[in-house]
Amino acid sequence: MRPAYVDRYIDLKMKNSSQVIVRPARNVRGSVQLPGDKSISHRYAMLAGIAEGASRLENYSTGADCASTLACMRSLGVPWECTEGGFIEVQGRGLSLAAPAKALDCGNSGSTMRMLSGIVAGQKFTSEMIGDESLSRRPMERVIKPLSAMGAQISSQQGKPPLRITGGALKAIDYTMPVASAQVKSCLLFAGLFAEGETRIEETLRTRDHGEVALRAFGAKLERKSAGQGNEIRLRGGQTLRGIGARIPGDLSSAAFFLCAAALFPGSQLLVPNLLMNPTRARLLDILMQLGLHISVTQLEEIHGELVGSLQVEGARLTQATISGADTAALIDEIPVLAAIAPFTEKGIEVRDAKELRIKESDRIAAVATNLRLMGAQVDEREDGLKIPGGQTLHGAELDSFGDHRIAMAFAVAALRAEGETLIRGAEAAGISYPAFFQTLEEVTER
Ligand code: S3P
208 MRPAYVDRYI DLKMKNSSQV IVRPARNVRG SVQLPGDKSI SHRYAMLAGI
258 AEGASRLENY STGADCASTL ACMRSLGVPW ECTEGGFIEV QGRGLSLAAP
308 AKALDCGNSG STMRMLSGIV AGQKFTSEMI GDESLSRRPM ERVIKPLSAM
358 GAQISSQQGK PPLRITGGAL KAIDYTMPVA SAQVKSCLLF AGLFAEGETR
408 IEETLRTRDH GEVALRAFGA KLERKSAGQG NEIRLRGGQT LRGIGARIPG
458 DLSSAAFFLC AAALFPGSQL LVPNLLMNPT RARLLDILMQ LGLHISVTQL
508 EEIHGELVGS LQVEGARLTQ ATISGADTAA LIDEIPVLAA IAPFTEKGIE
558 VRDAKELRIK ESDRIAAVAT NLRLMGAQVD EREDGLKIPG GQTLHGAELD
608 SFGDHRIAMA FAVAALRAEG ETLIRGAEAA GISYPAFFQT LEEVTER
């Protein structure tokens, strides 16, 4: 459903897709309360479903992706409801779920399909997992291969969805991940709960650790050891989880759009309370500080193993940055918006080792390059990244979201510093992770 606030901007001649017009701004100022982190919301919903007893999730992500996860859990026999105060209350079923009567519809959500496949691989029934057009193009081989090695029977369309998974009697696996992917890591750890023996996962580049942290919060025991730039995790099968009551910290990847908007205006001031600060996600803050943004953090606390704090930021002149290697893996969801503000830095931003961006909800390297060029920017597009010179002046243009939430939001931010209005087609894609985005952006911009 299209969020009501978008209607104000709709071009009546185009009824099938919503358009948003973003006007240039003078400054960014105010406070932003973010909905719960998407990565944590998915994992809590899944683990709450296979835990014993009830869980109560506060500040659950409002995005359509996390709603897809909840809908799949319901199809797998997990009762949950959204209470009046906005809490999601889940009645856990324990490790044994119910055979779904229809295909599990993961919508646009790669996280849902990849991580949930680890759970259905542990069930003694067959599940079919489907997705929208974008998800149907995304590679699933990365979970099919190790889950098959654990004993699941999986068929796909040449490694792409739909997936048909017949699970049951899994054996533990010792697996070194060939791609840096937190979704795959969580998938295999979740499958490891159902497996006989000890599952050992090694990642050579560190990725977000919400799966590990959430498993511990739900009472599972696992061992973690850092190894070089990566990690090794061991988990024994057959452990029971127990439900939790938890407040989910604000989404750092959604905050990125507001932090980058503030970064565009020297003298801007923004407060972001209750924000996720998990060190495996917070590299963005280092890069923004390196670029010149003033950031201070207060009220740090730990909630169920996740670090949370309040952020106060103040805009200054932006210099330059290079993002490569381990940084690219740590910043993967924030690169589109960093690239979108790159022309407004003094000396530009270079992104390397980011091939994975080509197989996200859209080809994010091509999408960023296309939209920046439409705004008059000079961009050097490479197979695994982008080099965007600084000191450029951009003009408003007609852009496309390419059906990708992060592209829609990244260019709403860039448009704040362009000359003239920018129209973004397919702006409703923002609802995948952050339905209130345009309204909130409007509230903190001064014109
Ligand atoms: C996510 C991991 C990342 C990220 C995605 C969410 C997660 O994907 O891009 O938005 O919650 O684990 P990959 O695991 O494919 O890198």
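Numbering-wise (this note's numbering), the sequence shown opens with residue 208 and increments by one.
Cβ atoms here follow ideal geometry from the backbone N, Cα and C, with glycine treated the same way.
heavy atom of the ligand S3P below 8 Å from residue i C-beta
{"i": "K352", "result": "no"}
{"i": "A436", "result": "It should be pointed out that residue 436 corresponds to Gln in this sequence rather than to Ala. No, Cβ of Q436 sits at least 8 Å from all heavy atoms of the ligand S3P."}
{"i": "T414", "result": "yes"}
{"i": "H249", "result": "yes"}
{"i": "G512", "result": "no"}
{"i": "K567", "result": "yes"}
{"i": "Q562", "result": "The amino acid at residue 562 is misidentified as Gln; the sequence shows Lys. Result no, Cβ not under 8 Å from the ligand S3P."}
{"i": "M663", "result": "Outside the shown range of the chain (208 to 654) lies residue 663, about which nothing can therefore be said."}
{"i": "I451", "result": "no"}
{"i": "A387", "result": "yes"}
{"i": "V558", "result": "no"}
{"i": "Q390", "result": "yes"}
{"i": "G418", "result": "yes"}
{"i": "D611", "result": "no"}
{"i": "K245", "result": "yes"}
{"i": "D458", "result": "no"}
{"i": "I614", "result": "no"}
{"i": "D540", "result": "yes"}
Residue span of the beta strand (DSSP E) that contains residue i, given as start and end
{"i": "N234", "result": "234-238"}
{"i": "S262", "result": "259-265"}
{"i": "L630", "result": "629-632"}
{"i": "Q226", "result": "226-229"}
{"i": "I595", "result": "592-595"}
{"i": "Q476", "result": "476-483"}
{"i": "R589", "result": "587-589"}
{"i": "L606", "result": "605-607"}
Boundaries of the alpha helix (DSSP H) in which residue i is found, first to last residue
{"i": "L241", "result": "Where L241 is concerned, there is no enclosing alpha helix (DSSP H), given that its DSSP letter is neither H nor E."}
Beta-carbon gap between residue i and residue j smaller than 9 Å
{"i": "I572", "j": "E588", "result": "yes"}
{"i": "G516", "j": "R559", "result": "no"}
{"i": "I494", "j": "A528", "result": "yes"}
{"i": "I639", "j": "S355", "result": "no"}
{"i": "N438", "j": "E403", "result": "no"}
{"i": "L538", "j": "L471", "result": "no"}
{"i": "L370", "j": "E335", "result": "yes"}
{"i": "L601", "j": "M582", "result": "yes"}
{"i": "S393", "j": "R413", "result": "no"}
{"i": "V620", "j": "V544", "result": "yes"}
{"i": "L254", "j": "L422", "result": "yes"}
{"i": "L483", "j": "I337", "result": "no"}
{"i": "P242", "j": "G457", "result": "yes"}
{"i": "L302", "j": "F425", "result": "no"}
{"i": "L630", "j": "L606", "result": "yes"}
Per-residue DSSP class, three states only, for residue i
{"i": "A617", "result": "helix"}
{"i": "A453", "result": "strand"}
{"i": "P368", "result": "strand"}
{"i": "R281", "result": "helix"}
{"i": "Y212", "result": "Note that Y212 has pLDDT 34, beneath the 50 cutoff, so the model's placement of it is unreliable and no number is given."}
{"i": "A643", "result": "coil"}
{"i": "V386", "result": "coil"}
{"i": "T269", "result": "coil"}
{"i": "T652", "result": "strand"}
{"i": "I556", "result": "strand"}
{"i": "E656", "result": "Look at the range of the chain in this structure, 208 to 654, and you will see that residue 656 is not part of it."}
{"i": "R571", "result": "helix"}
{"i": "T373", "result": "strand"}
{"i": "L304", "result": "coil"}
{"i": "A546", "result": "helix"}
{"i": "G293", "result": "coil"}
{"i": "G610", "result": "coil"}
{"i": "G256", "result": "helix"}
{"i": "L219", "result": "Since pLDDT at L219 reaches only 31, below the 50 mark, its modelled position is unreliable, and the value read off the structure follows with that caveat. L219 falls in the coil class under three-state DSSP."}
Cβ of residue i within 9 Å of any chain B Cβ
{"i": "F609", "result": "Any reference to chain B falls outside this structure, which holds one protein chain only."}
### Query
Which whole runs of the alpha helix (DSSP H) in the region 486-542 are 4 residues long or more, in chain order?
490-498, 533-537
#### Entry: Continuous beta strand (DSSP E) assignments of at least 3 residues falling wholly in the region 308-362
Within the region 308-362, the runs of beta strand (DSSP E) that reach at least 3 residues and sit entirely inside it are, in chain order, 333-337.
### Task
Mind listing, in chain order, the continuous beta strand (DSSP E) runs of no fewer than 3 residues lying wholly within the region 390-460?
405-410, 429-434, 437-443, 452-454
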